[in-house]
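S.K.:
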Amino acid sequence: MVAGSVFAVWLCTTQLSVTTFRRCYKLSTTNELTATLRPYLNAVRATLQAALCLENFSSQVVERHNKPEVEVRSSKELLLQPVVISRNDKEKVLIEGSINSVRVSIAVKQADEIEKILCHKFMRFMMMRAENFFILRRKPVEGYDISFLITNFHTEQMYKHKLVDFVIHFMEEIDKEISEMKLSVNARARIVAEEFLKNVSVSVV
Numbered sequence: 104m105v106a107g108s109v110f111a112v113w114l115c116t117t118q119l120s121v122t123t124f125r126r127c128y129k130l131s132t133t134n135e136l137t138a139t140l141r142p143y144l145n146a147v148r149a150t151l152q153a154a155l156c157l158e159n160f161s162s163q164v165v166e167r168h169n170k171p172e173v174e175v176r177s178s179k180e181l182l183l184q185p186v187v188i189s190r191n192d193k194e195k196v197l198i199e200g201s202i203n204s205v206r207v208s209i210a211v212k213q214a215d216e217i218e219k220i221l222c223h224k225f226m227r228f229m230m231m232r233a234e235n236f237f238i239l240r241r242k243p244v245e246g247y248d249i250s251f252l253i254t255n256f257h258t259e260q261m262y263k264h265k266l267v268d269f270v271i272h273f274m275e276e277i278d279k280e281i282s283e284m285k286l287s288v289n290a291r292a293r294i295v296a297e298e299f300l301k302n303v304s305v306s307v308v
């Protein structure tokens, strides 16, 4: 029981405030963005801008059908060579192009089991509301966490550079969102542990 009390005291005296920690994290994240993440995002942006040269193209197999060729894959001559842009073995982007559509698949960094769970829940939450995002697929490509499908109809109705900005902004913010959720989970777990140890100490006394 003494060990439990000592642990509770140590926990209270050594913990950082969540606000202070988040400020430090945001500062370090900004530095990382300019140092290592920016070249990665620039490469993705340049590749997307080149791949989004889309045009309306009807199916060569079925009359009066106009489907995203990157999905149906009915004519090989209409598909471009897929491009994988990798920051490391855990962070990468797959860009698959065709004459009338582009599919962008993103693998998000997941350092531990908590981040894997948070990433899965967050992506599932978004994909269940895919119709609100227009270009979001309900199911990601195998091996990736989330996929976007951009067709020639999207580029006709929306600004192409805004579509690229949306994908890049998503890639910038997703790591921050998962890290902040992880901080909240850890802070809540710390409070629960403190209350549990307090109750144990009171019951023993």
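Residue numbering for the sequence shown follows this note's numbering, starting at 104 and increasing by one per position. C-beta: ideal position from N, C-alpha, C; glycine also.
Given a threshold of 16 other Cβ atoms within 10 Å of its Cβ, counted over all protein chains shown, does residue 265 qualify as buried or as exposed?
M.R.: Taking the first residue of the sequence shown as 1, we reach residue 265 at position 162. Counting Cβ neighbours within 10 Å, residue 265 comes out exposed, since fewer than 16 surround it.
S.K.: Does residue 273 come out as helix, strand or coil in the three-state DSSP assignment?
M.R.: Counting from 1 along the sequence shown, the entry for residue 273 is found at position 170. Three-state DSSP puts residue 273 in a helix.
S.K.: Are there three or more Cβ pairs, one per stretch, closer than 8 angstroms when the stretch 143-161 is compared with the stretch 199-214?
M.R.: yes
S.K.: Pick helix, strand or coil for residue 309, following the three-state DSSP scheme.
M.R.: The structure shown does not extend to residue 309, since the chain spans only 104 to 308, so no value can be given for it.
S.K.: Report yes or no: do three or more beta-carbon pairs, one from the stretch 271-281 and one from the stretch 219-226, lie closer than 8 angstroms?
M.R.: yes
S.K.: What is the DSSP secondary structure of residue 202, counted as helix, strand or coil?
M.R.: Locating residue 202 in the sequence shown gives position 99, where the first residue counts as 1. It is coil, neither helix nor strand.
S.K.: Using alpha carbons as the reference points, say which of 254, 240, 302 lies closest to residue 151.
M.R.: Here residue 151 refers to the residue found at position 48 of the sequence shown. Each of 254, 240, 302 was checked against the Cα of residue 151, and the nearest Cα belongs to 254.
S.K.: When we look at the beta-carbon of residue 195 and count the other beta-carbons within 10 Å, is it buried (16 or more) or exposed?
M.R.: Counting from 1 along the sequence shown, the entry for residue 195 is found at position 92. Flag for residue 195 reads buried.
S.K.: Just verifying my parser: in three-state terms, what is the DSSP assignment at residue 165?
M.R.: Start at 1 with the first residue of the sequence shown, and residue 165 comes out as number 62. Residue 165 falls in the coil class under three-state DSSP.
S.K.: Here's a check: name, in chain order, each residue in its chain whose Cβ is nearer than 7 angstroms to the Cβ of residue 285, leaving out the five neighbours to either side.
M.R.: Sequence index remark: in the sequence shown, residue 285 carries index 182 (1-based). Result list for residue 285: 217, 218, 221, in chain order.
S.K.: Tell me which residues share the same chain as residue 211 and place their Cβ nearer than 6 angstroms to its Cβ, disregarding the 5 neighbours each side in the sequence.
M.R.: Along the sequence shown, read from residue 1 onward, the residue named residue 211 stands at position 108. 222, 248, 277.
S.K.: Among 288, 303, 271, which residue has its Cα nearest to the Cα of residue 148?
M.R.: Here residue 148 corresponds to residue number 45 of the sequence shown, with the count starting at 1. If we check each option's Cα against that of residue 148, 271 comes out closest.
S.K.: I'd like to know whether the C-beta atoms of residue 231 and residue 239 end up nearer to each other than 8 angstroms.
M.R.: Indexing the sequence shown from 1 puts residue 231 at position 128. Indexing the sequence shown from 1 puts residue 239 at position 136. No, they are not a contact pair.
S.K.: Helix, strand or coil: which one does DSSP assign to residue 256?
M.R.: Indexing the sequence shown from 1 puts residue 256 at position 153. Residue 256 falls in the helix class under three-state DSSP.
S.K.: Hey, quick one: how far does the beta strand (DSSP E) through residue 188 stretch, first residue to last?
M.R.: As a working note, residue 188 is residue 85 in the sequence shown. Looking at the DSSP string, the run of the beta strand (DSSP E) that includes residue 188 is 186-189.
S.K.: Leaving out the 5 sequence neighbours to the left and right, which residues in its chain are closer than 7 angstroms to residue 259 when beta-carbon positions are compared?
M.R.: Translated into positions along the sequence shown, residue 259 becomes position 156. Nothing listed; no residue qualifies.
S.K.: Near residue 179, what residues of its chain come up, given a Cβ to Cβ distance below 8 angstroms and the 5 sequence neighbours on each side ignored?
M.R.: Counting from one through the sequence shown, the residue named residue 179 turns up at place 76. Excluding positions up to five away in sequence, the list is empty.
S.K.: Could you have a look at residue 209 and say whether DSSP puts it in helix, strand or coil?
M.R.: The residue given as residue 209 occupies position 106 in the sequence shown. Reduced to three states, the DSSP call for residue 209 is strand.
S.K.: Would you check if the distance between the CB atom of residue 204 and the CB atom of residue 173 is smaller than 8 angstroms?
M.R.: Start at 1 with the first residue of the sequence shown, and residue 204 comes out as number 101. Start at 1 with the first residue of the sequence shown, and residue 173 comes out as number 70. Taking 8 angstroms as the cut-off, the beta carbon of residue 204 is found closer than this to the beta carbon of residue 173.
S.K.: Leaving aside the five residues before and after residue 233 along the sequence, list all residues of the same chain whose C-beta is less than 8 angstroms from its C-beta, in chain order.
M.R.: Position 130 of the sequence shown, counted from the start, is the residue given in the question as residue 233. The residues are 239, 240, 241.
S.K.: Measuring alpha carbon to alpha carbon, tell me which of 161, 209, 169 ends up nearest residue 273.
M.R.: Locating residue 273 in the sequence shown gives position 170, where the first residue counts as 1. Minimum Cα distance to residue 273 is reached at 209.
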